[in-house]
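By this note's numbering, the letter at position 69 of the sequence shown is numbered 70, and the numbering carries on one by one without gaps.
What follows is a short report on a single structure.
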Amino acid sequence: MAAGLLFGLLIILSLPNLAQPARAAALCHQIKGHRICITKITRSAKNYWEYRAEVSFDGKKQSPAVYDCRQPTQPQQNTIPSTKAAARELICRYFAK
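Given below as structure tokens:
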């Protein structure tokens, strides 16, 4: 009887170690020397070309914004990208179509 209780107690105590919650890794990419990470993204149900995303730009978290992927991006050769333009480029490249 005591051995059964001990065995049951060991099983109950080991359960939290077996079922760890899944953690999604942020999608990160280098664009013109800047590290842009998408930490959370959802697609609009009404407008399939729009994405609501939270991004970090060089480790600094940005406020959530809506990114429109209808218009193609024109690559700028020698300009420093704005945070919104760079995030839009990353989101539309990976998730659109």
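Beta carbons: idealized from backbone N, C-alpha and C, even for Gly.
{"query": "Using the rule of at least 16 other Cβ atoms within 10 Å of the residue's Cβ for burial, across every protein chain shown, is R89 buried or exposed?", "result": "buried"}
{"query": "Output needed for K41: all residues of its chain with C-beta closer than 7 Å, excluding positions within five of it in sequence on either side, in chain order.", "result": "A54, E55"}
{"query": "Between the Cα of S83 and those of S57, Y52, Q72, spot the shortest distance and give me the residue it belongs to.", "result": "S57"}
{"query": "Across which residues does DSSP place Y68 in a beta bridge pair?", "result": "Y52"}
{"query": "Leaving out five residues before and five after F96 in sequence, what residues of the same chain have Cβ atoms less than 8 Å from its Cβ?", "result": "I42, R44, Y52, C70"}
{"query": "Kindly indicate the opening and closing residues of the alpha helix (DSSP H) around K85.", "result": "84 to 96"}
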